[in-house]
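Per the UniProt record's numbering, the sequence shown starts with residue 1, numbered consecutively.
Where is the CB? At the ideal position from N, CA and C, for every residue including glycine.
Quantities reported herein were computed from a predicted structural model and do not represent experimental measurements.
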Amino acid sequence: MLELENARVIGMGNDRRVYQDPNDPHRCIKVPRYPDKGSRQNEREQRYFEGLVRRGMRDWSYVPAYHGSVATAEGLGLVFDLILDSDGSTSRRLREVHLETPERLSAEVLVSELANLYRYLEKRWLIPSDLNDRNIVVQFSDDQPPRLWLIDGISNPDFIPLATSVAWLARRKVARRYRHFLKKLVKGGQLSPEDYQALEARLWG
């Protein structure tokens, strides 16, 4: 059983706590925030990602790679790649970048990466259950442009999750949720109305 008492906490939500893996600094472990209650989000995400692995998922270029589960003192932990900047720091959320260092992410790069992220999800019919600027991080590297990563909120919470195994249903759901997400970015000031219209034309025109 993996002990996390001295591991670094890198994130916390209503349902889960995220640690840097004490055995591999390039990975993270998501565990229940309240071990006695468990985590329905962890259970749902585990089913979804293990389904992706069975389906032959190999391209983890916009979603952190899944490395299975591990027993911890705080309950079942899900192991994923930890997205880091080239200086070794944990990549920050899109919201934080927008508020703290907006000059590091130009509108042109943001629009390009939003389009790339959508095409990635749509092509592989990966269903985002909670798309927002807190679940997407921006990775800054010395040798390539900034990249967006969807690090959380990936699963199909439907009671009868048909879209998980039916491509056209999944893609329709991805498109609907992505449009809603882009509108939230406009409302939050991260995306201009003009850039939203350009993305609409590029992705669905």
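Task: Residues sharing a beta bridge with residue 69, DSSP - done: Within the sequence shown, the letter at position 69 stands for residue 69. Looking at the DSSP assignment, residue 69 forms a beta bridge with 78.
Open item on the list: Going by beta-carbon coordinates alone, are residue 131 and residue 49 separated by less than 8 Å?
Closed with: The sequence position of residue 131 within the sequence shown is 131, counting from 1. The sequence position of residue 49 within the sequence shown is 49, counting from 1. Not in contact: residue 131 and residue 49 (Cβ atoms no closer than 8 Å).
Task: Within 8 Å, strictly: CB atoms of residue 78 and residue 42 - done: In the sequence shown, the residue the question calls residue 78 occupies position 78. In the sequence shown, the residue the question calls residue 42 occupies position 42. Remark: C-beta atoms of residue 78 and residue 42 approach each other more closely than 8 Å.
Open item on the list: Quick check on this structure: which residue in 195, 57 and 170 has the alpha carbon closest to the alpha carbon of residue 109?
Closed with: Working through the sequence shown from its first residue, we reach residue 109 at position 109. Checked all of 195, 57 and 170; the closest Cα to residue 109 is 195.
- [ ] Return the Cβ separation of residue 72 and residue 1 in integer angstroms, given the expectation that the two are a contact with Cβ distance under 8 Å.
- [x] Stepping through the sequence shown from its first residue, residue 72 is reached at position 72. Stepping through the sequence shown from its first residue, residue 1 is reached at position 1. Between residue 1 and residue 72 the Cβ distance is about 6 Å, and since that is below 8 Å, they are a contact.
- [ ] Specify the secondary structure class of residue 173 as computed by DSSP and reduced to three states.
- [x] On the sequence shown, position 173 is the one that residue 173 refers to. The three-state secondary structure of residue 173, taken from DSSP, is helix.
TODO: For residue 192, I'd like the list of residues in its chain whose CB is within less than 8 Å of its CB, leaving aside the five on either flank, ordered along the chain.
DONE: On the sequence shown, position 192 is the one that residue 192 refers to. Around residue 192: 107 and 186.
Open item on the list: Quick check: what's the CA-CA separation for residue 63 versus residue 111?
Closed with: Taking the first residue of the sequence shown as position 1, residue 63 is located at position 63. Taking the first residue of the sequence shown as position 1, residue 111 is located at position 111. Approximately 18 Å between the Cα atoms of the pair.
Open item on the list: What residue range does the alpha helix (DSSP H) around residue 51 cover?
Closed with: Numbered from its first residue, the sequence shown carries residue 51 at position 51. 40 to 54 is the span of the alpha helix (DSSP H), which, as asked, contains residue 51.
Open item on the list: Rounded to whole angstroms, what is the Cα-Cα separation between residue 161 and residue 170?
Closed with: If you number the sequence shown from 1, residue 161 lands on position 161. If you number the sequence shown from 1, residue 170 lands on position 170. Bear in mind that the predicted position of residue 161 carries a pLDDT of just 49, short of 50, making it too unreliable to give a figure here.
- [ ] Would you mind sorting residue 98 into buried or exposed? The rule is 16 or more other CB atoms within 10 Å of its CB.
- [x] Working through the sequence shown from its first residue, we reach residue 98 at position 98. Classification for residue 98: buried.
- [ ] Determine the closest residue to residue 28 out of 51, 91, 36 and 37, with distance taken between C-alpha atoms.
- [x] Within the sequence shown, residue 28 is the residue found at index 28, counting from 1. It is 91.
Task: Sequence-distant residues of the same chain with beta carbon closer than 6 Å to residue 145, five excluded per side - done: Your numbering for residue 145 matches position 145 in the sequence shown. Shown here for residue 145: same chain residues with a beta carbon closer than 6 Å to its own, the five before and five after excluded, namely 109 in chain order.
- [ ] Could you work out which residue in 59, 30, 21 and 15 is closest to residue 7 when comparing CA atoms only?
- [x] Locating residue 7 in the sequence shown gives position 7, counting from the first residue. Among 59, 30, 21 and 15, the Cα nearest to that of residue 7 belongs to 21.
Task: Which listed residue (137, 47 and 76) has its alpha carbon closest to that of residue 34 - done: Along the sequence shown, one-based indexing puts residue 34 at 34. Minimum Cα distance to residue 34 is reached at 76.
Open item on the list: Please classify residue 197 as buried or exposed, where buried requires at least 16 other C-beta atoms within 10 Å of its C-beta.
Closed with: In the sequence shown, residue 197 corresponds to position 197, counting from 1. It is exposed - the Cβ of residue 197 has fewer than 16 other Cβ atoms within 10 Å.
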